[in-house]
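Below you'll find the structure, written out as structure tokens, and then a few comments.
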Amino acid sequence: MDSLKTKIKSILEWVRHLWLSLGLSGKALSASDEVDKKLVYSLSPRKIPNGQQFSHLKKFLNPKEFLIIKICFLVIIVNAIYLGIIFTKDHLQYLPASGGDYIEGIVGYPQTLNPLYAVNRDVDSDISRLIYSRLFKYDNNGHLSYDLVDNMEVSEDNKEYLLTIKQGVKWHNGGELTVDDILFTFNLIKNPNYRSPLRASLNELTAEKVDDYTIRFKLTEPYAPFPELLMFGILPKSLWENISPAAAPLSDLNLKPIGSGPFKFKSLVHSSQGDLRDYILGANQDYYDGVPYLKTITFKFYTSTNEAVAALNDKQVMGLSYLPFNNHSDVLTKNSLEFHELLQPRIISLFFNTEKNKTLADKDVRLALVKSLNRDEILNDTLAGAAVRADGPIWSNSFAYNQDLIKYEYEPEAASTIIKDKPLELTLTVVDVGNNRDLAENIKNYWEQTGVKVTLKMLASEQAATVVK
């Protein structure tokens, strides 16, 4: 506000200096002028002219004076508008509004939204997380946070976790979610007849009900990231308890589910060929963490990334769930879109086979190979900064990441000295997906500059399991 006052004051001062510099400050009034002035004031005590009086201004000014007056008024008006815009911009606060429909394109088709099985396919898990609540979830910064959990107590030996859940959580059909539903889902996952991919992670755990809103989990050994194992969606016991393990994967509830998450199933549309074309979710008006701002979310499914990008260009969808880096240039409407680069816990690693190449068994040689790579430059050249350097096998956002981890920098001279004394020939085997080929070419170039002879061997993804041993 002070800066605005200063700007206005400076504008008025500029007008005053302009007036004085042009000799328009006025002349001394004669006696008769003073009489006329008093007469005018006696008729109207206001010192500011009214509109009718302003209309006669031109009669008392010569053309030059009148032009200067018009310029001054124009400057004042333009600056007033400018200052108004600046003031509005500095003090305007945007707030989200409820309502609106969002349409997103996804490559692939959902097979099941059942949290027992919606684990290995992004198209299933992305939609499932909107429908089902979990005990824990990741927040917008990638940190673990409470979802259904209201409080957690951990025993001194770190082998027992006592969880209290939120009360009043409603299923999409109006029923209340309790510990019975959590325990039921937990036991389904552990039941080998249901063949859930999550079974292995929960196999050594036990759980017991304390009351309707409290559950106790017991571990055989302390396990620090244990809460991350409880990020599976919770199923309503009342709807699933009479469905057999054999019938569970075939149930209509897998595509027309009842959950307790922020969005609930609304409808689905099939194409004339029978493929699922659209899947529509509506906002859960009873959601315990606040009603979502969006009214509906519609997912449209495509067989390939190129087809999804074409739909985005044609404005059939408003966004894509995932856009590979290689396809960024295919988007024609970049100016009307926002690109969100989300860091994913996905690490591209280089493994040394020390059994087939005995030279690699030497730690100094492996360090030399690492130090010969300018990894920051490789990322910029290959991925244009769409990835960050990994200095270890654990994601930097993980609780288990060691901040004191040794970070090996680019030291080509030191690497060359070691490699020169130990001639090395390597075969770099790479799965030919995404940007792997470009990354491999960069690695090959850096190693060859160090004196290593490198042969690239590209594999199709289906060959990797049989060739890499």
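Per the UniProt record's numbering, the sequence shown runs over residues 1 to 469.
All C-beta atoms in this analysis are idealised placements derived from N, C-alpha and C, irrespective of residue type, glycine included.
These numbers come from a predicted model, not from an experiment.
Coil, strand or helix - residue i by DSSP
i           : result
Asn397      : coil
Arg366      : helix
His328      : helix
Ile182      : helix
Lys27       : Its pLDDT being 48, under 50, Lys27 is placed unreliably in this model, and the coordinates cannot settle the point.
Lys453      : strand
Gly84       : helix
Phe73       : helix
Leu22       : Low local confidence applies: a pLDDT of 47 at Leu22 is under 50, so the model's placement there is unreliable, and no value is given.
Asn62       : coil
residue 493 : Given that the chain is displayed from residue 1 to residue 469, the structure contains no residue 493 and the question cannot be resolved.
Pro197      : coil
Lys137      : strand
Ile348      : coil
Glu338      : coil
Glu153      : strand
Phe123      : The residue you asked about is not Phe; residue 123 is Val in the sequence shown. In this structure, Val123 counts as helix in the three-state DSSP scheme.
Val388      : coil
Ser321      : coil
residue 470 : Residue 470 lies beyond the range of the chain shown here (1 to 469); nothing can be said about it.
Leu162      : strand
Lys170      : strand
Leu373      : coil
Leu177      : coil
Leu148      : coil
Inter-residue CB distance, residue i and residue j (contact presumed, cutoff 8 Å)
i           : j      : result
Ala414      : Lys371 : 6 Å
residue 471 : Thr178 : Examination of residue 471 is not possible in this model, given that the chain is present from 1 through 469 alone.
Leu130      : Tyr138 : About 14 Å; that fails the 8 Å criterion.
Lys166      : Tyr288 : 6 Å
Tyr293      : Pro96  : 5 Å
Gly108      : Val123 : 4 Å
Ala400      : Pro225 : 7 Å
Selection from the options that minimises the alpha carbon distance to residue i
i      : options                           : result
Ser321 : Gln111, Asp126, Lys170 and Ser98  : Asp126
Asn284 : Leu459, Tyr132, Tyr117 and Asp376 : Tyr132
Asn374 : Ser244, Leu148, Asp122 and Ala440 : Ala440
Ile189 : Ser155, Glu153, Ile234 and Lys209 : Ile234
Gly99  : Leu337, Tyr117, Lys295 and Phe232 : Lys295
Tyr279 : Tyr223, Leu92 and Lys300          : Lys300
Arg134 : Leu183, Leu379, Ile347 and Asp438 : Leu183
Asn442 : Val433, Glu377, Ala384 and Leu405 : Glu377
Leu230 : Lys170, Gly274, Phe265 and Leu162 : Leu162
Ile406 : Glu65, Gly392, Ser398 and Phe352  : Gly392
Asn306 : Ile418, Ser145 and Leu332         : Leu332
Leu456 : Gln449, Thr382 and Asn436         : Asn436
Val154 : Leu219, Arg277, Leu250 and Trp447 : Leu219
Gly434 : Tyr109, Ala460 and Lys70          : Ala460
Asn313 : Lys334, Ile243, Leu428 and Ser271 : Lys334
Lys170 : Asn114, Pro227 and Lys264         : Lys264
Thr206 : Ala97, Asn193, Arg195 and Glu221  : Glu221
Asp421 : Ser398, Ser396, Asp438 and Thr359 : Thr359
Ala386 : Ile347, Tyr288, Phe352 and Ala361 : Ile347
Lys209 : Arg195, Asn254, Thr185 and Ser244 : Thr185
Arg277 : Thr303, Leu367 and Gly168         : Thr303
Val452 : Leu428, Thr354 and Ala384         : Leu428
Ser128 : Ala248, Leu281, Asn187 and Glu228 : Leu281
Leu253 : Leu116, Lys70 and Leu369          : Leu116
Phe325 : Phe352, Leu383 and Pro292         : Leu383
Ala308 : Leu323, Thr298 and Ile297         : Leu323
Tyr223 : Glu160, Leu337, Val430 and Leu67  : Glu160
Gly290 : Asp147, Leu113 and Thr112         : Asp147
Thr112 : Ala368, Trp447, Asp432 and Pro249 : Pro249
Tyr410 : Arg216, Ala400, Leu367 and Lys64  : Leu367
His270 : Ala400, Pro110, Leu369 and Asn141 : Pro110
Along the chain, which unbroken stretches of the beta strand (DSSP E) at least 3 residues long are found entirely within the segment 204-236? Complete beta strand (DSSP E) runs here, min 3: 206-211 and 214-218.
Pairing CB atoms from the segment 69-86 with CB atoms from the segment 181-199, are three or more of them under 8 Å? Under the three-pair Cβ rule at 8 Å, the segment 69-86 does not count as touching the segment 181-199.
Is it true that the segment 309-325 meets the segment 97-108, where meeting means three or more beta-carbon pairs spaced less than 8 Å apart? yes
Beta strand (DSSP E) runs wholly inside the segment 243-304, at least 3 long, in chain order: 263-270, 276-283 and 296-302
Could you say if the segment 258-268 and the segment 228-248 meet the contact criterion of at least three C-beta pairs nearer than 8 Å? yes
Counting only runs of 4+ residues fully inside the segment 401-440, write out the alpha helix (DSSP H) ranges in chain order. 412-421
Only counting runs of 3 or more residues, tell me where the beta strand (DSSP E) segments fall wholly within the segment 83-118, in order along the chain. 101-107
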